[in-house]
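Visitor: In terms of our numbering, the sequence shown has 328 at position 249, counting the first letter as 1, and numbering is strictly consecutive.
Input: one structure, supplied below.
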Amino acid sequence: MTSGIVVFTAASGERSARLDDGRGGGIALFSVYDPRREAERFVAGQLRDRPLTHLVILGAGLGYLEAAAETAVPRAGIIPVYFADELAPEGAGHDDDAWRPGNGESIELFFERVLRGCDPRAVEVLEWPAAGRAFPELSRRARDALLRVLKENAYGDLTAAASGRRWLRNTLENFLLLDAPVAGRLLDPTLPLVIAAAGPSLDAALPLLVRHRDRVNLWALASALKALRSRGLEPDLTVATDAGYYASHLLLHSGGGIPLLAMPLSGAREAWRAADRVFLFAQPNFFELELFARSETSVPAVDAHGTVAGTALFLARAGGAATVFFCGLDCSYDDIRSHAAPHPYDELAARAATRFLPAYAAAFSRAHTLAPRRLGSGRARSSEALSVYSGSFREPCHREGFRVFRLFPSPVDVPGMKNAGPADFERAARAARGPRQTPALQPLAGYPAAASRKRIVRRLLDDWLAEIGTGRPRSELADFFAGVRPDPDGGKAERLAAAAGFLETLRERFVEEWAHA
């Protein structure tokens with residue numbers, strides 16, 4: 080309970096409240112005359128005339144703002160945030176869609192949970208001014224957490240708009256061509272897990288990994304694979320989720336066959352050709368889930384994160400890891416360096432260099448464009464996108480008994496991860512039981528033969544086209560495959576036509592052309 084909150088009866092006969100400073104003064108939180116009417120006027124004056132899916136009320140209290148909002152925007156989900164337990168109506172804050180300080184969940188994790196995946200353009204935020212004055216620190220935390228989540232959603236929307244069609248093409252082609260995926264246990268849960276990203280600090284971590292390789296599970300993001308192999312380190316698992324050409328390039332130009340690759344079907348087309356064995360997992364894209372359901376194949380469902388590092392962390396949680404050390408997760412540049420060496424991008428840059436644009440000049444220009452903000456007086460550089468990236472790890476790190484550390488951390492804070500030095504890592508490695516048990520894998524049970532996979536794809540595309548033809552399909556069919564960012568204000572007919580045209584093209588390619596392949 081928050082000391083200083085005084086609840087009293089207003090002139091209208093309804094409850095009101097103030098924050099008492101103990102000296103006869105304080106801050107009036109609601110009107111002493113008619114708090115309900117005051118809340119109704121505030122809500123009516125703040126809301127714009129536009130479609131909303133969510134309305135967040137920062138500093139809600141006593142139920143007045145919530146009731147006014149439900150009347151003003153009856154179709155929107157109301158998300159009240161109470162800055163003091165005494166201000167929450169009875170039962171509020173135990174509801175999944177309301178927050179108060181005493182409900183045991185941080186404000187940051189609350190917003191990530193209730194707003195994950197929503198369109199930020201369809202979210203409105205109201206802050207009750209008196210509550211902001213009375214609780215300035217909590218108000219600032221709430222605003223910062225909300226802004227970060229909405230920014231992450233905005234980046235995700237842009238990615239889906241730009242990549243939705245590619246994800247489906249990849250999913251169908253990988254499903255049709257990949258013959259023998261595997262399933263099973265990916266790590267030894269009695270040992271710490273190291274996930275190697277490709278940031279500049281990976282260079283400093285490599286000697287430690289070499290020294291303690293037999294006492295840790297080692298996973299690599301595709302971008303870190305070449306640097307690890309340069310020191311004789313072969314990861315137990317490589318994780319790749321990106322859908323584009325460069326994901327395949329990283330895998331194919333990292334020094335030979337990859338023993339085990341974990342990826343979703345929506346990952347880069349034929350990236351699996353770089354691996355000896357492929358472990359499939361499903362992202363929560365409706366088309367991936369539907370394809371696996373129709374093929375009666377069960378693979379692990381791993382939450383989408385928007386970054387391969389975050390997805391690897393979700394995969395580690397699902398696999399039973401208790402302690403994870405990230406190395407090379409800088410979320411920043413080291414001066415003009417964005418990654419450890421060697422790296423396949425460096426070879427591409429060297430080949431692209433000319434007399435008029437040498438490789439060093441190109442790297443300098445790229446760093447100043449993509450990481451324009453210098454952090455303090457040191458060498459680290461960052462950007463708005465990198466800040467969103469670093470802030471996105473709070474939820475993947477959150478689980479009872481799940482500890483996540485960063486080795487050789489950069490100046491950029493990563494919420495949910497504790498900074499660790501070499502001594503911390505060595506203690507964890509030496510305390511491990513060891514020696515490491517290698518992944519226990521077997522063929523994925525029930526995975527269809529090639530002819531069955533063709534039939535499944537044909538029926539799936541036919542059913543989607545028939546659903547669009549009704550004019551009332553699921554929103555995903557239009558929003559994901561129209562090739563443009565969904566517009567909450569209209570444009571449904573245009574999106575349906577664009578999605579149908581795209582699916583017709585896929586049907587021609589993957590059904591008619593491949594029928595006799």
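Every residue, glycine too, gets a C-beta built ideally from N, C-alpha and C.
Label Q362 either buried or exposed according to how many other C-beta atoms from any shown protein chain fall within 10 Å of its C-beta, with 16 as the threshold for buried.
Guide: It counts as buried.
Visitor: What did DSSP end up calling P421 once you bin it into helix, strand or coil?
Guide: Coil, per DSSP.
Visitor: Taking all protein chains shown into account, do 16 or more other C-beta atoms lie within 10 angstroms of the C-beta of D258, making it buried, or fewer, making it exposed?
Guide: Label assigned to D258: exposed.
Visitor: Between V318 and F214, what straight-line distance do the alpha-carbon atoms span, to the nearest angstrom?
Guide: One C-alpha to the other measures close to 44 Å.
Visitor: State the DSSP-derived secondary structure class of G172, mapped to helix, strand or coil.
Guide: With a pLDDT of only 45 at G172, under 50, the local geometry of the prediction cannot be trusted, and no value is derived from it.
Visitor: So H133 packs on L229, CB below 8 Å; how close in whole Å?
Guide: Between L229 and H133 the Cβ distance is about 10 Å, and since that is not below 8 Å, they are no contact.
Visitor: Tell me the rounded alpha-carbon separation between V273 and D315.
Guide: Looking at the two C-alpha atoms, the distance is approximately 10 Å.
Visitor: Classify A529 as helix, strand or coil using the three-state DSSP reduction.
Guide: It is helical.
Visitor: Does the distance from the C-beta atom of L217 to that of F162 stay below 7 Å?
Guide: Yes. Within cutoff.
Visitor: May I ask you to list the residues that DSSP assigns as paired with M496?
Guide: Note: M496 sits in no beta bridge, so no partner.
Visitor: Take every Cβ of the stretch 317-336, pair it with every Cβ of the stretch 417-432, and state whether three or more of those distances are shorter than 8 Å.
Guide: Judged by Cβ distances under 8 Å, the stretch 317-336 makes contact with the stretch 417-432, as three or more pairs qualify.
Visitor: Report buried or exposed for N498, applying the criterion of at least 16 other Cβ atoms within 10 angstroms of its Cβ.
Guide: With fewer than 16 Cβ atoms within 10 Å of its Cβ, N498 is classed as exposed.
Visitor: Expressed to the nearest angstrom, what Euclidean distance is found between the alpha-carbon atoms of V483 and A283?
Guide: The straight-line gap from Cα to Cα measures roughly 19 Å.
Visitor: Secondary structure at Y112, three-state DSSP: helix, strand or coil?
Guide: Three-state result, Y112: coil.
Visitor: Can you check DSSP and say which residues form a bridge with T317?
Guide: For T317, which the question treats as bridged, DSSP gives the partners A299 and L340.
Visitor: Excluding the five sequence neighbours on either side, which residues of its own chain have a C-beta within less than 6 Å of the C-beta of V202, listed in chain order?
Guide: Hits under 6 Å: H133.
Visitor: Count the other C-beta atoms from every protein chain shown that fall within 10 angstroms of the C-beta of Y324, then say buried if there are 16 or more, exposed otherwise.
Guide: Classification for Y324: exposed.
Visitor: Flag this pair as yes or no: are the beta carbons of L131 and V152 separated by less than 7 Å?
Guide: Yes; because the gap between Cβ atoms is below 7 Å, this pair is in contact.
Visitor: Pairs of beta-carbons, one from the stretch 450-467 and one from the stretch 371-379, closer than 8 Å: are there three or more?
Guide: No: the two stretches stay apart, fewer than three of their Cβ pairs being nearer than 8 Å.
Visitor: Report, in whole angstroms, the separation of the C-beta atoms of F481 and A401, which I expect to be a contact under 8 Å.
Guide: Correct: roughly 7 Å between the Cβ atoms.
Visitor: Classify G335 as helix, strand or coil using the three-state DSSP reduction.
Guide: If DSSP states are grouped into helix, strand and coil, G335 belongs with coil.
Visitor: If you reduce the DSSP assignment to three classes, tell me which class C597 lands in.
Guide: The requested residue 597 is not part of the displayed model; the chain covers only 80 to 596.
Visitor: Using a Cβ distance threshold of 8 Å, determine whether the stretch 390-399 contacts the stretch 349-356, with at least three qualifying pairs required.
Guide: At 8 Å Cβ cutoff, the stretches do not touch.
Visitor: Pull up the DSSP beta-bridge partners for E206, would you.
Guide: Per DSSP, L137.
Visitor: Could you give the C-beta distance for A275 and A301, rounded to a whole number, given that I count them as a contact under 8 Å?
Guide: Actually they are not in contact, since the Cβ atoms of A275 and A301 sit about 10 Å apart, beyond 8 Å.
Visitor: Ignore the nearest five residues each way along the sequence and tell me which others in F358's own chain have a CB closer than 6 Å to its CB.
Guide: Here the set comprises V261 and A341.
Visitor: Once DSSP output is grouped into helix, strand and coil, what is the label at D198?
Guide: Three-state result, D198: coil.
Visitor: Is the distance from the Cβ of N288 to the Cβ of L312 below 7 Å?
Guide: Correcting the residue type first, residue 288 is Leu in the shown sequence and not Asn. In this structure, L312 lies closer than 7 Å to L288 by Cβ.
Visitor: Taking the Cβ atom as the reference point for each residue, do E165 and I84 lie within a distance shorter than 7 Å?
Guide: Cβ atoms of E165 and I84: closer than 7 Å.
Visitor: Pick from A502, G470, F487 and A508: whose alpha carbon is nearest that of V493?
Guide: When only C-alpha atoms are compared, the closest one is G470.
Visitor: With C-beta atoms as the reference, is P279 less than 7 Å away from D382?
Guide: No.
Visitor: So, with DSSP's three-state summary, where would you put D267?
Guide: Coil at D267, not helix or strand.
Visitor: Leaving out five residues on either side along the sequence, give the residues of the same chain with a beta carbon under 6 Å from the beta carbon of F487.
Guide: Closer than 6 Å at Cβ, skipping near neighbours: S280, A283 and A284.
Visitor: My output table needs one value for T88: the three-state DSSP class, helix, strand or coil.
Guide: In the structure shown, T88 sits in a strand (DSSP, three-state: E or B).
Visitor: Taking the C-alpha atoms as reference points, what is the distance between L408 and L449?
Guide: In a straight line, the C-alpha of L408 is about 17 Å away from that of L449.
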